[in-house]
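K.L.:
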Amino acid sequence: MNQNRLPLYAMPLIVFGAALLQSTVATRLAIRGVKPDMVLIIVVIGTLIYGGRAGLVWAFLGGIGLDLFSGGPLGISSLGLLLAALVAGVGHRILSRYHILVPIGASGLGTLLYGCVYVGLLSLLHEAGQMPLFQGLGLPNYQLAFWAMLQDVIIPATIYNMTIVLFLTPLLNRVPEIQEVV
Amino acid sequence: MIRNTERRPRTLGDIGIRFVILTLAALLLMALQFTGQLQVLRSAISFVTAPAQLSATSATRTVTDAIQFLLELGSLRRRLNELEQINAALLAENFSLREVEHENAEMRSLLQFAQTRPGLELRGAQIVARVIGQESTNFLDYIEIDLGARHNIAVGMPVVTEQGLVGRISEVNDATSKVLLITDPSSAVNAILQNSRLNGVIRGAPNGDLLMDFIPQGPVFRVGEVVLTSGIGIRFPKGIPIGQVIERRQRDIDIFQQAVVRPSIDFSSLELVAIVTNFDPLEDVPALMIEPTAVPTATSDPNAPANATSGEASSDETAPPSVPGTDEGSAGETATDATLVATPPATSGVTTP
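So the protein sequences, as listed, match chains A and B. As numbered in the working numbering, residues 22 to 203 make up the first sequence, in order. As numbered in the working numbering, residues -16 to 336 make up the second sequence, in order.
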């Protein structure tokens, strides 16, 4: 078995473990209530190394792991992380991930997309739950103010994640380029 | 060397197809959860993951405590002196409070309230649970505890610590439960300012503070006032501390005043919580991930005024199941006592048998 691909096969376990740590350790790393998104960072970095196809699967599994340890609906984190992986996949295919702006930009854009999708979908579910058509379907009623969440949570989390990736970039650059894998 | 250029377009297509398939799978999971069909699966997974979560939480706590101890070693002596002084002051205050308590008891007996418990009597009806996990995302505020349906935990039960109100049970699995914290923006708690007796609704703000809204214009309240649960709506027992006012927001053009409240609990370091099992919440709870077997109660009124104030879900599916009895078998009696004390005058007819 190719040594470079060993982490690839362990990745589902790694993202699930990261989701577990996200619900236990990440709280201790919170700055002004904002935690680092460990799963998202791992998915973005993994996608930059191994490509978008594998990254999408990890994003899906990582999202399920996150939602199992969250009060949110199952699958919603996957939707956000899938978009983040898609963006990072561009960094793998078209841009050189060795440029410092690529991993930082991918993690920043990924966090923004993940946060906007998460909060946007919950807001959408809340709005849908108010409509007579959807009443009685048991839609969850999360009341999140989108712009306030963007200002107070999503943007600070974006800066936090980008800073972490900035420090991880030297380590990331030591991993050799690996062709797109399944 | 000839490069195989035909592979690239096909890969792009693969990514697109994979993205669509996984997106649809995620949406399907959400839909299945809303219809309650994943409850068994979630219970099974949480049964497996709860020990790992508990271990990780304990390990994290140990490491954090060790680091904290090392960092604070220099200031410990100074803090010890300060705490000794505070202890002496509290002892003196405690003695005077005992006198007040004694006097209070005499007055109660004079007023023929001998059977009424002084303050909130929650002992004997609470179950202490360990916090095994915190919310994994930045957008919501939940904790996970190591008690579930097999311990007679039900959706809607209030969760407290000795410092104040934590939240309420929002999802019950077989062995674990999730607690919606009062700091979550979706949470709404009817509250009262202790000194000025002004009512309002406490909501979580995205930055982790609490915001007390719907305080009537006119009366003045002060920074530093203690905020307690008001008991209105019968969602939480009356008189549980929530926090302290740190900022007053008043503008003449607004209909209501607001207060920024600092919670009395440090939610990031919660370890043990108590679930109040002898309190029967009459109001609806949010339709999050409630078990499909939850029995709607006759008291759930979709058009209840208090519900409109809090803005929470009001469909029949959201009604909490009736609260099961405690191990001591005295749930009925204690529930009556606790509710009798917790009930404000406007709703007292609901509780007194």
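Positions of the beta carbon are idealized from the N, C-alpha and C atoms, including for glycine. Values in this document were obtained by computation on a predicted structure and should not be read as measured data.
Name the chain A residues whose beta carbon is nearer than 8 Å to that of Pro189/B?
P.N.:
The count along the second sequence starts at 1 and reaches residue 189/B at position 206. The answer, in chain order, is Leu165, Ala166, Ala169, Met170, Gln172, Asp173, Val174.
K.L.:
What residue range is occupied by the uninterrupted alpha helix (DSSP H) comprising Phe30/B?
P.N.:
Within the second sequence, numbered from 1, the residue matching residue 30/B stands at position 47. It spans 22 to 55 - the alpha helix (DSSP H) in which Phe30/B sits, taken as one unbroken run.
K.L.:
Pull up the distance between the alpha-carbon of Asn182/A and that of Asn135/B, whole angstroms please.
P.N.:
Against the first sequence, residue 182/A aligns to sequence position 161. Against the second sequence, residue 135/B aligns to sequence position 152. Those two C-alpha atoms are separated by around 40 Å.
K.L.:
Check Glu127/B in the structure and name its three-state DSSP category.
P.N.:
Here residue 127/B refers to the residue found at position 144 of the second sequence. Glu127/B falls in the strand class under three-state DSSP.
K.L.:
Do Val172/B and Ser153/B have their C-beta atoms closer together than 9 Å?
P.N.:
Start at 1 with the first residue of the second sequence, and residue 172/B comes out as number 189. Start at 1 with the first residue of the second sequence, and residue 153/B comes out as number 170. The answer is no: Cβ separation not under 9 Å.
K.L.:
Do the region 98 to 105 of chain A and the region 17 to 28 of chain B touch if we need at least three Cβ pairs shorter than 8 Å?
P.N.:
no
K.L.:
Apply the 10 Å Cβ neighbour rule to Val60/A and answer buried if 16 or more other Cβ atoms are within range, or exposed otherwise.
P.N.:
Residue mapping note: residue 60/A aligns to position 39 of the first sequence, counting from 1. Its Cβ being crowded by 16 or more others within 10 Å, Val60/A is buried.
K.L.:
Alpha helix (DSSP H) containing Gln233/B: first to last residue?
P.N.:
As a position in the second sequence, residue 233/B is number 250, starting the count at 1. Per DSSP, Gln233/B belongs to no alpha helix (DSSP H) and is neither H nor E.
K.L.:
If I measure Cβ to Cβ from Gly312/B and keep anything under 8 Å in the same chain, skipping five residues before and after, which residues do I get?
P.N.:
Counted from its first residue, the second sequence places residue 312/B at position 329. Summary for Gly312/B: the model assigns pLDDT 32, below 50, so the residue's position carries little reliability; its value from the coordinates is reported in the next sentence. Cβ within range, chain order: n/a, list empty.
K.L.:
Which of the three DSSP states, helix, strand or coil, is assigned to Met152/A?
P.N.:
Stepping through the first sequence from its first residue, residue 152/A is reached at position 131. Correct three-state label for Met152/A: coil.
K.L.:
Exposed or buried, which one is Arg186/B when buried takes at least 16 other CB atoms within 10 Å?
P.N.:
What you label residue 186/B is simply residue 203 of the second sequence in a count that begins at 1. By the 10 Å Cβ count, Arg186/B comes out buried.
K.L.:
So the candidates are Phe90/A, Leu165/A, Asn194/A; which of them puts its Cα closest to the Cα of Leu122/A?
P.N.:
Residue numbering aside, residue 122/A sits at position 101 when the first sequence is read from its first letter. Per the Cα distances, Asn194/A.
K.L.:
Output yes or no for whether 9 Å exceeds the beta carbon distance between Ser119/B and Phe188/A.
P.N.:
On the second sequence, position 136 is the one that residue 119/B refers to. On the first sequence, position 167 is the one that residue 188/A refers to. Contact: no.
K.L.:
Do we get a CB-CB distance below 9 Å when we pair Ile28/B with the residues of chain A?
P.N.:
Here the question's residue 28/B lines up with position 45 in the second sequence. Yes, contact with chain A.
K.L.:
Ala281/B CB to nearest chain A CB: under 9 Å?
P.N.:
Working through the second sequence from its first residue, we reach residue 281/B at position 298. A caution first: Ala281/B carries a pLDDT of 35, below 50, which makes its placement in the model unreliable, though a value can still be read off. Cβ-Cβ to chain A under 9 Å: no for Ala281/B.
K.L.:
Measure the alpha-carbon distance for Pro304/B versus Ser44/A and round it to whole angstroms.
P.N.:
Residue 304/B sits at position 321 when you count from the first residue of the second sequence. Residue 44/A sits at position 23 when you count from the first residue of the first sequence. Unreliable placement is indicated for Pro304/B, whose pLDDT of 33 sits below 50; the coordinate value is still reported in the next sentence. Looking at the two C-alpha atoms, the distance is approximately 28 Å.
K.L.:
With three or more beta-carbon pairs closer than 8 Å as the criterion, would you say the region 44 to 52 of chain B touches the region 111 to 120 of chain A?
P.N.:
no
K.L.:
Let's see if you can read the secondary structure: which residues bound the alpha helix (DSSP H) around Ser98/A?
P.N.:
What you label residue 98/A is simply residue 77 of the first sequence in a count that begins at 1. Residues 97 to 114.
K.L.:
Measure from the C-beta of Val55/A to each C-beta in chain B and report whether the shortest distance is under 9 Å.
P.N.:
Counting from 1 along the first sequence, the entry for residue 55/A is found at position 34. The beta-carbon of Val55/A is placed less than 9 Å from the nearest beta-carbon of chain B.
K.L.:
Nearest to Leu34/A by CA position, among Gly72/A, Leu87/A, Arg49/A, Ala127/A, is which residue?
P.N.:
By one-based count along the first sequence, residue 34/A stands at place 13. Looking at the Cα atoms, Leu87/A is the closest of the given residues.
K.L.:
Considering only the alpha carbon of each residue, which of Gly54/A, Pro153/A, Phe81/A, Ile63/A lies closest to Ile175/A?
P.N.:
The count along the first sequence starts at 1 and reaches residue 175/A at position 154. Its Cα nearest to that of Ile175/A, the residue Gly54/A stands out among Gly54/A, Pro153/A, Phe81/A, Ile63/A.
K.L.:
Please list the partners that Val238/B has in chain A, where partner means a Cβ-to-Cβ separation under 7 Å.
P.N.:
Mapped onto the second sequence, residue 238/B falls at position 255. Here residue 238/B turns out to be Ile, not Val, going by the sequence shown. Taking a Cβ-Cβ threshold of 7 Å, none of the residues of chain A is close to Ile238/B; the smallest such distance is about 19 Å.
K.L.:
Given 8 Å as the limit, is there contact between the region 250 to 262 of chain B and the region 226 to 241 of chain B, that is, 3 or more CB pairs closer than that?
P.N.:
no
K.L.:
How close, in whole Å, do the beta carbons of Val244/B and Met195/B come, if the pair is a contact with beta carbons under 8 Å?
P.N.:
On the second sequence, position 261 is the one that residue 244/B refers to. On the second sequence, position 212 is the one that residue 195/B refers to. The pair is a contact, with the Cβ atoms about 5 Å apart (cut-off 8 Å).
K.L.:
With DSSP collapsed to three states, give me the class of Asn121/B.
P.N.:
Walking along the second sequence from the start, residue 121/B turns up at place 138. Correct three-state label for Asn121/B: coil.
K.L.:
For Pro339/B, which residues in chain A fall below 9 Å Cβ to Cβ?
P.N.:
The structure shown does not extend to residue 339/B, since chain B is modelled only from -16 through 336, so no value can be given for it.
K.L.:
So which residues of chain A does Gly216/B contact, with C-beta pairs closer than 7 Å?
P.N.:
Residue numbering aside, residue 216/B sits at position 233 when the second sequence is read from its first letter. None at all; the shortest Cβ gap to chain A is about 16 Å.
K.L.:
Which residues of chain B have a Cβ atom closer than 8 Å to the Cβ of Phe81/A, listed in chain order?
P.N.:
Here residue 81/A corresponds to residue number 60 of the first sequence, with the count starting at 1. Going along chain B in sequence order, the residues near Phe81/A (Cβ under 8 Å) are Leu5, Ala8, Ala9.
K.L.:
Within 10 angstroms of its Cβ, does Ser160/B collect 16 or more other Cβ (buried), or is it exposed?
P.N.:
The sequence position of residue 160/B within the second sequence is 177, counting from 1. So Ser160/B counts as buried.
K.L.:
Near Pro34/B, what residues of its chain come up, given a Cβ to Cβ distance below 7 Å and the 5 sequence neighbours on each side ignored?
P.N.:
For this step, residue 34/B is matched to residue 51 along the second sequence. The answer is none, since no qualifying residue turns up.
K.L.:
Give me the Cα-Cα distance between Met140/B and Phe262/B, rounded to the nearest whole angstrom.
P.N.:
Here residue 140/B is taken as the residue at index 157 of the second sequence, counted from 1. Here residue 262/B is taken as the residue at index 279 of the second sequence, counted from 1. The alpha-carbon atoms of Met140/B and Phe262/B are separated by roughly 7 Å.
K.L.:
Starting from Thr45/B, find everything on chain A with Cβ-Cβ shorter than 7 Å and list it in chain order.
P.N.:
Locating residue 45/B in the second sequence gives position 62, counting from the first residue. Those within 7 Å of Thr45/B in chain A number zero; the least Cβ separation is about 11 Å.
K.L.:
Using CA coordinates, which residue listed in Arg49/A, Gly76/A, Ala40/A, Asp58/A is at the minimum distance from Tyr30/A?
P.N.:
Residue 30/A sits at position 9 when you count from the first residue of the first sequence. Closest option to Tyr30/A, Cα to Cα, is Gly76/A.
K.L.:
For a contact defined as C-beta to C-beta under 7 Å, what are the partners of Gly141/A on chain B?
P.N.:
For the purposes of this step, residue 141/A is identified with residue 120 of the first sequence, where counting begins at 1. Result: empty, since nearest Cβ-Cβ is about 11 Å, beyond 7 Å.
K.L.:
Within its chain, find whatever has a CB closer than 8 Å to the CB of Ala149/A; leave out the 5 residues flanking it on each side and keep chain order.
P.N.:
Residue 149/A sits at position 128 when you count from the first residue of the first sequence. Same-chain partners within the cutoff: Phe155, Leu160.
K.L.:
Ser98/A to Leu130/A, Cα distance in whole Å?
P.N.:
On the first sequence, residue 98/A is found 77 positions in, with the first residue counted as 1. On the first sequence, residue 130/A is found 109 positions in, with the first residue counted as 1. C-alpha separation (whole angstroms): 15 Å.
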